[in-house]
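Since the structure comes first, as structure tokens, the remarks are kept for the end.
Protein chains: 2
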Amino acid sequence: MEKTNVAIVGLGTVGAGVARLLLDHGDRTARHAGRTLWLKKAVVRDLNKDRDVDLPEGVLTDSIQDVIDDPDIHVVAQLMGGLEPARSVMLELMEAGKDIVTANKALLAEHGAELFTRAQQLGRSIAFEAAVAGGIPIVANISQCLSANQILSLEGILNGTSNFIVSQMDEFGSDYGSVVAEAQRLGYAEADPAMDVDGTDAAQKLAILSHLAFGASVDWSEIPRVGIDGLDPDDLRYAKELGYRIKLLAVANLAEDGLELSVAPTLVRVGTPLAEVRDAFNAIRVQGDAVGPVFYHGLGAGQMPTASAVVADLIDTAVGRTQITFRTLRYFSNDQPPRVLLRDAETLVGRYYLRLPAANHPGTLAAIANVLSRHGISIASVIQHESSDGDRQRDPVPLVIMTHEATEGAASQATQEIESLSSVSGPVVRLRVKG
Amino acid sequence: MEKTNVAIVGLGTVGAGVARLLLDHGDRTARHAGRTLWLKKAVVRDLNKDRDVDLPEGVLTDSIQDVIDDPDIHVVAQLMGGLEPARSVMLELMEAGKDIVTANKALLAEHGAELFTRAQQLGRSIAFEAAVAGGIPIVANISQCLSANQILSLEGILNGTSNFIVSQMDEFGSDYGSVVAEAQRLGYAEADPAMDVDGTDAAQKLAILSHLAFGASVDWSEIPRVGIDGLDPDDLRYAKELGYRIKLLAVANLAEDGLELSVAPTLVRVGTPLAEVRDAFNAIRVQGDAVGPVFYHGLGAGQMPTASAVVADLIDTAVGRTQITFRTLRYFSNDQPPRVLLRDAETLVGRYYLRLPAANHPGTLAAIANVLSRHGISIASVIQHESSDGDRQRDPVPLVIMTHEATEGAASQATQEIESLSSVSGPVVRLRVKG
């Protein structure tokens with residue numbers, strides 16, 4: 006049987022998983038590739054570190070040059086994290102004639118255009134299924150399986166850490182801080198979870214998916230985004246009372262005059278598939294104009310789900326499918342003008358959930374309703390509970406308002422005005438509502 | 006821009022949808038294929054029939070020979086239904102050098118080995134995404150996206166007609182016959198819905214998926230199958246009371262000593278994704294050893310979802326991806342020995358729901374429990390209601406029993422023995438319970 010020599014650069018959690026699939030399950034990869042995928046080199050920084058995998062003699066090296074200089078290595082799983090030296094190493098590997106498989110979403114979000122353009126010039130390919138949604142093969146599905154469609158919208162839970170945290174807060178009524186600590190203990194959150202919980206990671210993934218689905222050239226940092234850091238358990242409770250769960254939702258919606266993108270904690274109606282996505286799972290709902298809605302659900306991170314995506318890409322590259330796709334679609338190339346432009350966030354239309362501390366005296370609700378009305382925002386429902394301990398003097402009282410559809414601009418201005426009312430004694434919590 | 010000439014054979018519902026995607030959305034297919042997909046011929050039986058699509062001058066023909074004899078047509082969407090002449094036409098087209106895209110699951114289920122072996126010999130390819138689960142790209146997902154995995158199990162709702170009927174019965178408490186009539190009126194069921202409702206269609210799809218996922222060579226008619234024809238609304242009601250819905254579930258499960266396959270109405274716990282699949286939707290849960298569970302949900306039939314799958318295959322074939330996959334995987338070829346064998350249905354283990362008409366006198370439950378116990382089947386729960394109208398003399402009374410795990414053989418024997426008890430006055434309804 007023919008073989009394709011493969012190298013792994015970076016033997017962290019995912020790298021070790023990839024090595025295990027290649028070493029322990031060669032029959033399986035051979036069956037799907039019609040050839041052996043032979044792990045020839047695995048490049049690490051520290052040769053003495055304990056690894057999660059047993060490598061055959063001679064595979065481990067701390068020199069990337071061993072890969073660059075070996076003309077028999079054709080495909081490299083480039084699994085270093087961060088931007089540098091990951092970017093330079095990827096460029097060097099491509100210059101040396103290697104096709105690349107990567108899981109580095111931040112690198113693609115920051116330097117996609119440069120790397121992909123260079124790859125096109127060099128006749129090389131870059132596969133990146135593992136960069137978005139881990140085990141859910143959303144890249145191949147959008148690029149190939151749904152290629153007969155104009156994608157109309159994407160709605161996704163793309164950050165497993167955030168979803169784990171929100172699910173735990175929802176289920177146990179715990180506060181944000183203690184759930185983050187628990188998530189770190191269980192390995193669902195990193196020591197510094199900022200990129201996960203502040204919406205950065207989801208925005209980077211959404212930028213990549215928007216490029217695949219809509220031909221948009223989006224700088225992820227331009228996507229309006231709100232994270233789940235600082236989410237208040239009270240809001241999860243009120244949402245539940247209203248028949249919703251709160252999820253960190255990444256949304257891309259093709260409107261007539263451009264693409265609407267956002268990442269934000271969003272109230273999603275209980276019983277709909279996205280509301281039922283628990284723990285560290287990811288899910289994506291794609292709406293195509295021919296196929297209708299297609300919903301995907303799976304593990305968005307973790308060693309073996311991500312390794313599964315990397316190895317599928319290695320197989321696709323070894324047999325030549327990746328190269329065809331790469332040549333045809335020219336993703337992230339500088340020579341491809343964007344097919345759609347981003348819409349101004351102020352004009353996005355949606356429903357909103359507002360919670361605010363309202364003075365417990367006559368006229369408060371009227372004043373607030375007045376502000377909303379002036380901005381053309383109508384109220385769908387209101388919750389104001391009598392205090393459970395019968396304390397009629399509690400002041401301020403939490404007031405929850407669900408609106409009908411309004412533009413982001415109107416909602417934002419109305420919120421500011423409500424905050425400046427004398428009968429409102431603190432900031433307004435404002436969340437999006439799906440549907 | 007280069008072009009690939011395409012023909013459609015059979016301009017029924019799906020064929021017309023494919024023609025529309027090719028004619029009205031050439032920009033989109035060109036973008037994904039890097040070339041124009043040019044609809045050169047559409048072959049029909051009756052030139053004078055009204056069509057759901059406007060074809061340019063010269064495209065419509067009633068002669069298959071126009072396609073066979075045209076060396077510039079390279080890819081054919083072969084969308085004739087039934088076994089003959091669909092089989093002969095496909096062979097002729099391949100002999101003439103055409104690559105094939107088909108949606109004909111029955112043809113693959115019956116003649117897959119012959120057609121695929123011949124295609125290999127001729128250096129041609131057959132793509133068949135549209136043959137299973139319509140708009141859900143499950144063929145590509147199993148064959149390519151999850152190729153790093155040993156698939157451990159598949160659980161699917163693969164027949165939209167059955168799911169529509171069961172969902173309606175569940176929601177409105179209607180009886181089978183009236184819902185079938187309604188489904189026919191709405192176009193969800195054919196005039197003769199036998200293949201859909203008796204489990205044949207689901208078994209044929211399961212046979213194809215089992216080949217892709219497990220390398221099994223399964224004659225679909227060997228798959229133990231029960232349809233939803235004759236499902237009693239009472240059982241849907243009792244299932245709901247127990248916290249379940251009834252779905253026509255197609256299951257493939259890789260056990261140590263072989264592959265377990267079945268198609269049967271099955272109690273699925275409310276709140277799990279498969280239980281929430283409504284109307285004519287399809288869904289498939291794939292469990293891979295690396296990726297974990299991946300869940301797919303979408304429209305399993307209908308003009309445009311199926312056309313979406315056909316056109317994705319046309320694009321994959323025009324760019325050469327299909328040919329690589331076809332050469333590599335050698336699906337359905339006679340030279341590929343099956344990797345797993347079917348397990349004896351008698352040894353399948355599962356939980357069961359039993360409903361039976363029991364005599365309303367002392368000792369009945371004891372006699373039934375006795376039979377179950379002798380077969381090693383323990384009881385998980387029992388429902389026997391007082392009659393709602395206070396009629397203590399009602400006799401027989403419906404008795405519902407949920408069992409713990411038992412083999413199919415034991416459950417089947419116990420059922421027969423229960424039916425022969427003097428205190429049981431009619432047949433036992435026996436349904437599978439998932440999980």
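These protein sequence lines are chains X and C, in that order.
For the first sequence, my numbering assigns the number 6 to the initial residue and increments by one for each residue that follows.
For the second sequence, my numbering assigns the number 6 to the initial residue and increments by one for each residue that follows.
For glycine and all other residues, C-beta sits at the position ideal for the given N, C-alpha and C.
Proximal residues of chain C, C-beta to C-beta of X:ALA38 below 7 Å: As a position in the first sequence, residue 38 of chain X is number 33, starting the count at 1. The answer, in chain order, is THR333.
Contacting positions in the stretch 148–181 of chain C - beta carbon closer than 9 Å to chain X: SER148, GLN149, CYS150, LEU151, SER152, ALA153, ASN154, GLN155
According to the neighbour-count rule (16 or more other Cβ atoms, all chains shown, within 10 Å of its Cβ), is X:ILE105 buried or exposed? Translated into the one-based positions of the first sequence, residue 105 of chain X becomes position 100. Its Cβ being crowded by 16 or more others within 10 Å, X:ILE105 is buried.
Suppose only complete runs of 4+ residues qualify. What are the alpha helix (DSSP H) ranges in the stretch 236–263 of chain X, listed by chain order? 238–246
Work out the CA separation of X:SER427 and X:GLU227 for me, nearest whole Å. Position 222 of the first sequence, counting from 1, holds the residue named residue 227 of chain X. Position 422 of the first sequence, counting from 1, holds the residue named residue 427 of chain X. Looking at the two C-alpha atoms, the distance is approximately 34 Å.
Residues that C:ARG33 contacts on chain X, provided the C-beta gap is smaller than 9 Å: In the second sequence, counting from the first residue as 1, residue 33 of chain C sits at position 28. Those within 9 Å of C:ARG33 in chain X are SER152, ALA153, ASN154, GLN155.
Spell out whether any CB of chain C is found under 8 Å from the CB atom of X:VAL275. On the first sequence, residue 275 of chain X is found 270 positions in, with the first residue counted as 1. For X:VAL275, the answer is no, since every Cβ of chain C falls outside 8 Å of its Cβ.
Opening and closing residue of the alpha helix (DSSP H) in which X:TYR336 lies: Position 331 of the first sequence, counting from 1, holds the residue named residue 336 of chain X. It is not in any alpha helix (DSSP H) - X:TYR336 carries neither H nor E in the DSSP assignment.
Nearest candidate by alpha-carbon position, reference C:PHE219, set C:MET99, C:GLU160, C:VAL296, C:PRO343: Reading the second sequence from its first residue, position 214 is the one you call residue 219 of chain C. The candidate whose alpha carbon is nearest that of C:PHE219 is C:PRO343.
Helix, strand or coil for X:HIS116? Go by DSSP, reduced to three states. By one-based count along the first sequence, residue 116 of chain X stands at place 111. X:HIS116 falls in the helix class under three-state DSSP.
Proximal residues to X:ALA306 (C-beta, below 7 Å), its chain only, five neighbours per side dropped: Taking the first residue of the first sequence as 1, we reach residue 306 of chain X at position 301. Only GLY139, GLY165, ALA285 meet the Cβ criterion.
Taking DSSP as the reference, what is the three-state secondary structure of X:ILE141? Translated into the one-based positions of the first sequence, residue 141 of chain X becomes position 136. Note: X:ILE141 maps to coil in three-state DSSP.
Listed from N- to C-terminal order along the chain, which residues in the stretch 119–136 of chain X have their beta-carbon within a distance smaller than 9 Å of any beta-carbon of chain C? GLU134
With 7 Å as the limit, tell me which residues of the stretch 285–307 of chain X have their beta carbon closer than that to any beta carbon of chain C; keep them in chain order. GLY293, ALA295, VAL296, GLY297, PRO298, VAL299, PHE300, TYR301, HIS302, GLY303, LEU304
Classify C:LEU353 as buried or exposed, calling it buried when 16 or more other Cβ atoms lie within 10 Å of its own Cβ. Start at 1 with the first residue of the second sequence, and residue 353 of chain C comes out as number 348. It is buried - the Cβ of C:LEU353 has at least 16 other Cβ atoms within 10 Å.
Unbroken alpha helix (DSSP H) run spanning X:ALA317, endpoints: Here the question's residue 317 of chain X lines up with position 312 in the first sequence. It spans 308–324 - the alpha helix (DSSP H) in which X:ALA317 sits, taken as one unbroken run.
Is the Cβ-Cβ distance between X:SER130 and C:ALA153 less than 8 Å? On the first sequence, position 125 is the one that residue 130 of chain X refers to. On the second sequence, position 148 is the one that residue 153 of chain C refers to. Cβ atoms of X:SER130 and C:ALA153: not closer than 8 Å.
Under the three-state DSSP convention, the category C:ASP349 falls into: Within the second sequence, numbered from 1, the residue matching residue 349 of chain C stands at position 344. The answer is coil: DSSP assigns C:ASP349 none of H, G, I, E or B.
Quick one: what does DSSP say X:THR277 is sitting in, helix, strand or coil? Here the question's residue 277 of chain X lines up with position 272 in the first sequence. Three-state result, X:THR277: coil.
From the DSSP output, which residues share a beta bridge with C:LEU436? Counting from one through the second sequence, the residue named residue 436 of chain C turns up at place 431. Looking at the DSSP assignment, C:LEU436 forms a beta bridge with C:TYR358.
Do the stretch 175–188 of chain C and the stretch 103–118 of chain C meet, that is, are 3 or more Cβ pairs less than 8 Å apart? no
Among the residues of its own chain, which have a CB less than 6 Å from the CB of X:THR420, if the five just before and after it don't count? Here the question's residue 420 of chain X lines up with position 415 in the first sequence. VAL433, ARG435, listed in sequence order.
Skipping 5 residues on each side, what residues in its chain have a beta carbon closer than 6 Å to that of C:LEU346? Working through the second sequence from its first residue, we reach residue 346 of chain C at position 341. So the qualifying residues of the chain are GLY263.
Between X:ILE13 and chain C, is the shortest Cβ-Cβ distance under 8 Å, so that the two count as touching? Within the first sequence, the letter at position 8 stands for residue 13 of chain X. Judged by the 8 Å Cβ criterion, X:ILE13 is not in contact with chain C.
Own chain residues within Cβ distance below 7 Å of C:GLY449, not counting five before or after: Nothing about residue 449 of chain C can be read from this structure; chain C reaches only from 6 to 440.
Using the Cα positions of X:ILE329 and X:ALA269, report the straight-line distance between them to the nearest angstrom. Taking the first residue of the first sequence as 1, we reach residue 329 of chain X at position 324. Taking the first residue of the first sequence as 1, we reach residue 269 of chain X at position 264. Taking the straight line from one Cα to the other gives about 36 Å.
So what does DSSP say about X:ASN216, is it helix, strand or coil? For this step, residue 216 of chain X is matched to residue 211 along the first sequence. One detail in the question is off: residue 216 of chain X reads as His in this sequence, not Asn. Helix.
Considering Cα atoms alone, identify which of C:ARG290, C:THR18, C:SER222, C:ALA317 is closest to X:ASN146. On the first sequence, position 141 is the one that residue 146 of chain X refers to. Checked all of C:ARG290, C:THR18, C:SER222, C:ALA317; the closest Cα to X:ASN146 is C:ALA317.
Counting only beta-carbon atoms, is C:MET407 nearer than 8 Å to chain X? Taking the second sequence and counting its residues from 1, the one referred to as residue 407 of chain C is at position 402. Taking Cβ atoms only, chain X never reaches closer than 8 Å to C:MET407, which makes this a no.
Is the stretch 198–217 of chain C touching the stretch 118–132 of chain C in the sense that three or more CB pairs, one from each, lie closer than 8 Å? no
Neighbouring residues, chain C, relative to X:PRO310 (Cβ below 8 Å): Here residue 310 of chain X corresponds to residue number 305 of the first sequence, with the count starting at 1. Those are ALA295, VAL296, GLY297, listed as they occur along chain C.
For X:LEU241 and C:ALA12, the rounded distance between their alpha carbons: As a working mapping, residue 12 of chain C is identified with position 7 in the second sequence. As a working mapping, residue 241 of chain X is identified with position 236 in the first sequence. Roughly 55 Å between the two C-alpha positions.
Just list the beta strand (DSSP E) runs in the stretch 72–108 of chain C, keeping only unbroken ones of 3 residues or longer that don't cross its boundaries, in chain order. 78–83, 104–107
Return no unless some Cβ of chain X is closer than 8 Å to the Cβ of C:PRO270. The count along the second sequence starts at 1 and reaches residue 270 of chain C at position 265. No, C:PRO270 does not count as interfacial toward chain X.
What's the gap between the Cα of X:ILE384 and the Cα of X:LEU377? On the first sequence, residue 384 of chain X is found 379 positions in, with the first residue counted as 1. On the first sequence, residue 377 of chain X is found 372 positions in, with the first residue counted as 1. Their Cα atoms are separated by approximately 8 Å.
Please classify C:GLU62: does DSSP put it in a helix, a strand, or coil? What you label residue 62 of chain C is simply residue 57 of the second sequence in a count that begins at 1. In this structure, C:GLU62 counts as coil in the three-state DSSP scheme.
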